[in-house]
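Peer 1: The sequence shown runs 867 to 1356 under the working numbering. Glycine included, each C-beta is placed from N, C-alpha and C at the ideal position.
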Amino acid sequence: MRGLLRGEGTLDLGSAYELHPQAAIRAEAFGGLAYHYGNRRLALVKDPALAQLVRDLAHHRSLGEALAAGPVAEERQEAVLGALGSLLRSGMVRRKEPEADPPALPGGEGAPPPARAASRSLAGRLSGGLSAPICLTWELTYACNLACIHCLSSSGRRDPNELRTDQARALIDELAALSVFYVNIGGGEPTVRADFYDLVTYAVERGVGVKFSTNGSTLTRKRATQLAAMAYVDVQVSLDGATPATNDAVRGPGSFATARRAMDHLAEAGFGPFKLSVVVTRHNIDELDRLEALATAYGAQLRLTRLRPSGRGAASWERLHPTPEQRRHLYAWLRDRPHVLTGDSFFHLSALGPALPGLNLCGAGRVVCLVDPLGDVYACPFTLHPEFRAGSVLDPGGFTAVWRSSELFAGLRRPSSPGACSSCGSYDACRGGCLAAKFFTGLPLDGPDPECALGHGEEALARVPAGRAPSPGAGHSRPAAVPVPSPARR
Ligand code: SF4
Ligand code: SF4
């Protein structure tokens, strides 16, 4: 059986293969998760036997030898090899020079966990929870030199109880032991922490990739050059409009120039495709084409995020969130642009037609969580409220115990009732939308999203009694207006 697949992804039983040196694979109950730090692709390996085969490849002189020794039952071999061909084409696996004496298989390591029902859907597999989060957001500090009116964590002032450097390092050690592929670092403005770059370096050295979000105010030319030289670090510059007028109305006067200066520095330093991160609002939705052109001009990737009514966004959501007509326009715009990154932001719009690319379920506590600057763990970055606090990384057992044993997360991973969405024909696509958006607008968690694509959100919101929506709390906002720092020039 030679040449199982044609073209670049051709597998040859006589050739040797290996997991790409820039990729990692982590065992999960359903098989495994593979992540490529170079092209930043994530792949679901839906079969424990395939996951095992991928781990074993480098220890054999040929694919045929790996199959002969491996855990793939004969009747499964064709399907498993088809999936292996996909991993080859995506760069997760590569051909390697055969070695006379490949490294021996480590004893017992990597034995696949028991498989769960192989026929479960992707959403079903992810809903049940993973051994570690796919997407862990870590807000390093509440300190911020801006005061954006939609800030999800109401940042401004540093909290005196924020994790110390040694505690932050201990958390990184734990994330490395859990094979967390990368962390999304945010804040506040994370770069204002004096130990920020030390922590980034510490994480990368331990195999935990870093993506960090910044308003750009500290991103000097020198910093951009240093970042361009670091593997496994990705940067997201936040900009909420294609013009200073649109952006600065939300992020503060001068913030557009500050972000553009940082983008100039990254491009000049040859950083590569950094992310241009935009929160979609009623006021910038007409500028999406210009924002996309701006990202392209910088060699950057556009990343769109949904505005949620969390933090200071609770007070500004009503006037900033897109209108129903704008949401329909956004759906069509995204359908035409599968290259635009969106994470889990817009799956509620998939009720309008074919599903949008991205994570099509609420991952809160299942594949996503947040660690706040104090070390408290929440279900997701947009659920900073005591009701969604699962524990603390400082508790006995640390983050691992919170992720694996918290009652809150166990509840979020159990199948939930669709409630008022049960009669909706689009439930499989939309699954009732975003938990955080429902919670902070006072809607029942088992009902429609406030921005339900079919219009049921507006009806539901009209029934919410005044004062019912939970308060996001005082947060760390500063009492007075915040001057925006000058763009970092050097
Ligand atoms: S609550 Fe909303 S923002 Fe949080 S993970 Fe779920 S869908 Fe995403
Ligand atoms: S009714 Fe519920 S499931 Fe249907 S589209 Fe609206 S939010 Fe989604």
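Spatial neighbours of S1288 within its chain, please: CB distance less than 6 Å, with the 5 preceding and 5 following residues excluded, ordered by chain position.
Peer 2: Within the same chain, S1288 has no close Cβ partners at all.
Peer 1: Can you confirm whether G1229, when its beta carbon is compared against all beta carbons of chain B, has any partner nearer than 9 Å?
Peer 2: Absent from the structure is chain B; it holds one protein chain and no more.
Peer 1: In angstroms, rounded to a whole number, what distance separates the CA positions of L1320 and D1210?
Peer 2: About 19 Å.
Peer 1: Return helix, strand or coil for T926, following the three-state DSSP convention.
Peer 2: Per the sequence shown, the amino acid found at residue 926 is His instead of Thr. Three-state result, H926: coil.
Peer 1: If you drop the 5 nearest sequence neighbours on each side, which residues of the same chain put their C-beta closer than 7 Å to that of A1360?
Peer 2: Lying outside 867 to 1356, the shown extent of the chain, residue 1360 is not represented and no answer is given.
Peer 1: Can you tell me whether P887 is buried or exposed, with buried defined as 16 or more other CB within 10 angstroms of its CB?
Peer 2: By the neighbour-count rule (16 or more Cβ atoms within 10 Å), P887 is not buried but exposed.
Peer 1: Since I believe E884 is in contact with R955 (beta carbons under 8 Å), could you give me their beta-carbon distance rounded to a whole number of angstroms?
Peer 2: The Cβ separation is near 15 Å, so there is no contact.
Peer 1: Taking 9 Å as the threshold (C-beta atoms), are L1173 and V1206 in contact?
Peer 2: In this structure, L1173 does not lie closer than 9 Å to V1206 by Cβ.
Peer 1: In the structure shown, what three-state DSSP assignment does I1000 receive?
Peer 2: Note: I1000 maps to coil in three-state DSSP.
Peer 1: In chain order, what residues of the same chain have a beta carbon less than 6 Å from the beta carbon of T1091, not counting five sequence neighbours either side?
Peer 2: Closer than 6 Å at the Cβ level, and outside the excluded window around T1091, lie A1135.
Peer 1: Along the alpha helix (DSSP H) that carries F1122, what are the first and last residues, could you check?
Peer 2: Run containing F1122: S1121 to E1134, per the alpha helix (DSSP H) assignment.
Peer 1: Looking at L1301: is its Cβ nearer than 9 Å to the Cβ of T1249?
Peer 2: In contact: L1301 and T1249 (Cβ atoms closer than 9 Å).
Peer 1: I need the straight-line Cα distance from A882 to A945, nearest angstrom please.
Peer 2: Between A882 and A945, the C-alpha separation is close to 19 Å.
Peer 1: Assign N1027 to one of two classes, buried (16 or more other C-beta atoms within 10 Å of its C-beta) or exposed (fewer than that).
Peer 2: Exposed, by the Cβ-count rule.
Peer 1: So which of G1073, F1275, L1274 and C1296 has the shortest CA-CA distance to P1284?
Peer 2: Ranking the options by Cα distance to P1284, first place goes to C1296.
Peer 1: Less than 9 Å separating the beta-carbons of Y903 and I891?
Peer 2: Against a cut-off of 9 Å, the Cβ pair of I891 and Y903 comes out as no contact.
Peer 1: Assign K1088 to one of two classes, buried (16 or more other C-beta atoms within 10 Å of its C-beta) or exposed (fewer than that).
Peer 2: By the neighbour-count rule (16 or more Cβ atoms within 10 Å), K1088 is not buried but exposed.
Peer 1: Do you know how far the Cα of V1259 is from the Cα of L923?
Peer 2: Taking the straight line joining both Cα atoms gives about 36 Å.
Peer 1: From E1153 to Y1008, what does the alpha carbon distance come to, in whole angstroms?
Peer 2: When rounded, the distance between both Cα atoms is 30 Å.
Peer 1: Quick check on the DSSP output: the beta strand (DSSP E) that includes A909 runs from which residue to which?
Peer 2: Per DSSP, A909 belongs to the beta strand (DSSP E) from L908 to V911.
Peer 1: So which of V1046, A1245, E1273 and F1212 has the shortest CA-CA distance to V1074?
Peer 2: Taking only the C-alpha atoms, the option nearest V1074 is V1046.
Peer 1: Tell me whether R1174, by its Cβ, gets closer than 8 Å to a heavy atom of ligand 2.
Peer 2: Because no heavy atom of ligand 2 lies under 8 Å away, the Cβ of R1174 does not count as near it: no.
Peer 1: Hey, out of E940, G1165, A1198 and G948, whose CA is closest to P1139's CA?
Peer 2: Nearest C-alpha to P1139: G1165.
Peer 1: If G1212 and L1196 are in contact, beta carbons under 8 Å, what's the gap, nearest whole angstrom?
Peer 2: Just to set this straight, residue 1212 is Phe in the shown sequence, not Gly. About 7 Å separates the two Cβ atoms, so the contact holds.
Peer 1: Please find out if some non-hydrogen atom of ligand 1 comes closer than 8 Å to the beta-carbon of T1266.
Peer 2: Incorrect: T1266 has no Cβ contact closer than 8 Å to ligand 1.
Peer 1: Report all residues from its chain with a CB closer than 8 Å to the CB of R982; omit the five preceding and five following residues, and keep chain order.
Peer 2: Unreliable positioning characterises R982 in this predicted model, as indicated by a pLDDT of 35, which lies under 50. A coordinate reading is not provided.
Peer 1: DSSP has K1304 in a bridge; who is on the other side?
Peer 2: Its beta-bridge partners do not exist; DSSP assigns none.
Peer 1: Provide the residue span of the alpha helix (DSSP H) that contains Q1092, from first to last.
Peer 2: Its alpha helix (DSSP H) spans residues R1087 to A1094.
Peer 1: Short check: CB of R1232 to CB of D1242, under 9 Å?
Peer 2: No.
Peer 1: Below 9 Å between beta carbons: does that hold for L1093 and L1132?
Peer 2: Cβ atoms of L1093 and L1132: closer than 9 Å.
Peer 1: On the DSSP letters alone, give me the boundaries of the alpha helix (DSSP H) that C1296 sits inside.
Peer 2: That run of the alpha helix (DSSP H) goes Y1293 to C1296.
Peer 1: Under three-state DSSP, which class holds P978?
Peer 2: For P978, the pLDDT reaches just 34, beneath the cut-off of 50, and the residue's location in the model is therefore unreliable, leaving the point undetermined.
Peer 1: Is the beta carbon of D1315 within less than 8 Å of some heavy atom of ligand 2?
Peer 2: Yes, the Cβ of D1315 comes within 8 Å of a heavy atom of ligand 2.
Peer 1: For Q918 and E1253, I'd like the C-alpha separation in whole angstroms.
Peer 2: So the alpha carbons of these two residues sit roughly 39 Å apart.
Peer 1: For E1055, count neighbouring C-beta atoms within 10 Å of its own C-beta (all shown protein chains included) and say buried if the count is 16 or more, exposed if not.
Peer 2: The residue is buried, with at least 16 neighbouring Cβ atoms inside 10 Å.
Peer 1: Which of the three DSSP states is assigned to G1177 in this structure?
Peer 2: Coil, per DSSP.
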